[in-house]
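What the sequence shown shows, in this note's numbering, is residues 828 to 1061, in sequence order. Note that CB positions come from ideal geometry on N, CA and C, so glycine has one too. I have placed the structure first, in the form of structure tokens, so that the comments after it can refer back to it.
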Amino acid sequence: MTVRIGVIGTGAIGEDHARRITNTLTGGEVVAVNDVNTDQARAVVDNLKLNARVYDSGHDLIKADDVDAVLVTSWGPTHEEFVVAAIQAGKYVFCEKPLATTAQGCQNIVDAEIAAGKRLVQVGFMRPFDSGYRLLKKAIDAGEIGTPLMIHAAHRNPTVPETYITPMAIHDTLIHELDVFRWLLEDDYKTAQIEGIATDSPIWPDFRAAYRVNVIMDAVEQSHAKHCWVPITA
Ligand SMILES: NC(=O)c1ccc[n+]([C@@H]2O[C@H](COP(=O)([O-])OP(=O)(O)OC[C@H]3O[C@@H](n4cnc5c(N)ncnc54)[C@H](O)[C@@H]3O)[C@@H](O)[C@H]2O)c1
């Protein structure tokens, strides 16, 4: 059986997923694409030689009878509306991170999935599948480093596109670590504190400021720190 897939948002990662489905994986076929930039969607169809229809609206793509499952790879603030619509259409949906850009948006998706009575949503948190992270998890689980009391993680982006705005440091970038910490420690969050820090780096003059996020998890009493350095744009 071939799963017929519709892709909403054919930018960098949307094209990458479509390429993998077409050229690397078996069992799936991209039959529909949509992007607010229709030329971009058409270019992906041409580049990958897809036998796919280009839709003007993501909602029409979701409703299409020949689309079994939906990939939401558009800009973060649009995820909620497409994921909820896919759930309401009873279709499996893979949503790139972030699931939504607000806590309420995430809750709305969870509520919609509960109302549908079936697990339909997968989110693009891929680090627990990465071999390096899996080795780290294995070492922690085997007690090789004793009981972890603190995690320090840093995320440094030497460049970001012009479309990258400051809040994305939290909901697009740091969010990977928020996912990984829970998985690594099998622990949950108790509190989170976010600080903005001014920097004056002679090495990276564009790095004018950064966020530092300290989270305290439930079972482990010590704080886990995450530093996220990105150019501040807004
Ligand atoms: N899991 C990961 O590590 C990973 C890596 C890269 C990107 N992402 C996520 O994937 C998403 C897309 O990132 P990207 O780097 O491909 O960005 P991008 O800017 O290259 O592509 C986003 C695309 O969405 C389109 N778009 C915006 N609003 C739309 C709408 N309402 N309907 C249809 N299309 C719309 C844009 O025109 C653009 O082509 C982001 O949420 C990002 O965080 C995840």
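Find the nearest neighbour of arginine 946 within the set Lys965, Ala930, Phe921 and Arg831, judged by alpha-carbon distance.
Mapped onto the sequence shown, residue 946 falls at position 119. It is Phe921 whose Cα lies nearest to the Cα of arginine 946.
Quick one: is tyrosine 882 buried, meaning 16 or more other Cβ sit within 10 Å of its Cβ, or exposed?
Stepping through the sequence shown from its first residue, residue 882 is reached at position 55. With 16 or more other Cβ atoms within 10 Å, it is buried.
Shorter than 6 Å, the distance from the beta carbon of valine 872 to the closest heavy atom of ligand 1, or not?
On the sequence shown, residue 872 is found 45 positions in, with the first residue counted as 1. Valine 872: no, Cβ never under 6 Å from ligand 1.
Examine the Cβ distances between the segment 889 to 908 and the segment 840 to 853 and report whether three or more of them are shorter than 8 Å.
Yes, they touch.
Nearer than 6 Å: is that true of the beta carbon of asparagine 864 relative to any heavy atom of ligand 1?
For this step, residue 864 is matched to residue 37 along the sequence shown. Correct: asparagine 864 has its Cβ closer than 6 Å to ligand 1.
With respect to 6 Å, is the separation between the Cβ of tryptophan 1010 and the closest non-hydrogen atom of ligand 1 below this value?
As a first step, residue 1010 is located in the sequence shown; it is residue number 183 there, counting from the start. Every heavy atom of ligand 1 is 6 Å or more from the Cβ of tryptophan 1010, so no.
Would you say alanine 912 touches ligand 1, meaning its beta carbon is less than 6 Å from a heavy atom?
Counting from 1 along the sequence shown, the entry for residue 912 is found at position 85. It does not: the Cβ of alanine 912 is nowhere closer than 6 Å to a heavy atom of ligand 1.
Using a Cβ distance threshold of 8 Å, determine whether the segment 908 to 920 contacts the segment 946 to 959, with at least three qualifying pairs required.
The segment 908 to 920, when compared against the segment 946 to 959, does touch it at the 8 Å Cβ threshold.
Closer than 6 Å to a non-hydrogen atom of ligand 1 - does that hold for the CB of threonine 974?
Within the sequence shown, numbered from 1, the residue matching residue 974 stands at position 147. Incorrect: threonine 974 has no Cβ contact closer than 6 Å to ligand 1.
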